[in-house]
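Worksheet: one structure, shown below.
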């Protein structure tokens with residue numbers, strides 16, 4: 020047996036073991052750290068499956084943004100846990116939750132095992148759309164996301180905006196229009212400040228690069244936008260900057276810019292290419308890059324606002 024299959028088997032056991040440890044961990048911070056490590060390992064798994072675009076997304080979101088979001092949420096739930104100290108789930112609830120988890124896992128396993136051979140797939144249609152005249156991109160993943168399943172891609176960004184509005188809505192009514200509470204400690208550690216000062220500019224350049232090359236190589240709007248969001252969060256955690264006021268016009272325009280531009284160009288396709296979300300072959304690539312530019316902006320703004328939380332860090336009672 021060659022070295023790579025042995026490494027793949029070891030990676031598979033490590034991923035499963037870390038997932039089990041993350042679920043079983045009693046300490047919130049330990050479980051979040053386990054989850055972040057789990058996301059980074061999954062990025063390696065996607066690399067081994069020759070899916071670098073998915074690996075980039077997993078590393079940026081699963082191993083970065085989501086970890087910070089969970090840590091921030093855990094800190095804000097600390098007061099609630101103290102109020103409810105001693106309240107533990109009943110044994111019957113644990114049994115029902117475990118039974119449901121086993122049922123879902125078993126059902127998924129049954130679906131995978133009983134798939135017909137060959138399994139049903141949309142790969143030929145997606146490949147045809149990626150190679151068609153309406154795409155014009157060298158990266159088939161980006162072509163599929165923007166050309167073949169463009170409506171889904173736009174709605175994903177709409178969901179992000181709705182999530183941000185949902186977070187804002189649980190803030191105190193009297194604080195509407197203000198800024199969320201600053202992230203991090205009032206006096207952050209010097210190491211955190213130094214890390215943010217060095218990492219944020221470099222990470223921002225890498226994020227822009229990943230977005231730009233996504234038209235012809237692994238990368239794209241979500242990967243680049245997630246990395247830019249992580250750099251902004253690092254700067255906020257080091258208190259180099261504070262979360263913006265939610266009534267700032269530039270902030271609201273940046274939030275809706277991606278889906279709005281996508282939708283406008285989608286309607287323009289009716290007249291220019293004869294179909295909704297269709298692109299004229301001669302202008303397909305410039306239009307897709309134009310859409311993705313504003314998508315990057317919306318993603319880079321929405322993810323840090325989700326982490327920043329409700330206004331003034333207080334929930335409505």
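Residue numbers (our numbering): 20 to 336.
Note that the Cβ used here is the ideal one computed from N, Cα and C, for glycine as well.
Are the CB atoms of residue j and residue i within a distance shorter than 9 Å?
i	j	result
residue 81	residue 61	yes
residue 278	residue 184	no
residue 316	residue 273	yes
residue 256	residue 220	no
residue 11	residue 182	Here the chain covers residues 20 to 336 and nothing more, so residue 11 does not appear.
residue 75	residue 229	yes
residue 216	residue 79	no
residue 40	residue 58	no
residue 64	residue 38	no
residue 161	residue 294	no
residue 190	residue 330	yes
residue 305	residue 258	no
residue 84	residue 252	yes
residue 302	residue 291	yes
residue 134	residue 326	no
Throw me the rounded Cβ distance for the residue i and residue j pair, which I believe falls under 8 Å.
i	j	result
residue 157	residue 234	7 Å
residue 86	residue 55	4 Å
residue 48	residue 93	7 Å
residue 223	residue 311	Their Cβ separation, rounded to whole angstroms, is 17 Å, which puts residue 223 and residue 311 out of contact at 8 Å.
residue 187	residue 265	6 Å
residue 238	residue 232	5 Å
residue 173	residue 281	4 Å
residue 146	residue 159	7 Å
residue 254	residue 260	5 Å
Per the DSSP calculation, residue i is bridged to which residue(s)?
i	result
residue 83	Answer by DSSP bridge pairing: none, since residue 83 is not bridged.
residue 199	330
With a 10 Å radius around its C-beta and 16 neighbouring C-beta atoms as the bar for buried, classify residue i as buried or exposed.
i	result
residue 193	exposed
residue 298	buried
residue 262	buried
residue 336	Low per-residue confidence applies at residue 336: pLDDT is 35, beneath 50, and the placement is therefore not dependable, though the value from the model is reported in the following sentence. Classification for residue 336: exposed.
residue 337	Outside the shown range of the chain, which is 20 to 336, sits residue 337, and nothing can be said about it.
residue 25	exposed
residue 209	exposed
residue 165	buried
residue 296	buried
residue 35	exposed
residue 178	exposed
residue 328	buried
residue 244	buried
residue 163	buried
residue 141	exposed
residue 127	exposed
residue 283	exposed
residue 51	buried
residue 213	exposed
residue 88	buried
Please indicate yes or no: does the CB of residue i lie closer than 8 Å to some heavy atom of the ligand SAM?
i	result
residue 68	No copy of the ligand SAM appears in this structure; indeed no ligand is present at all.
Item to complete: Examine the Cβ distances between the stretch 109-126 and the stretch 186-206 and report whether three or more of them are shorter than 8 Å.
Response: no
Discussion item. For the stretch 317-330 against the stretch 242-249, do three or more pairs of beta-carbon atoms, one drawn from each stretch, fall closer than 8 Å, so that the two count as touching?
Written reply: yes
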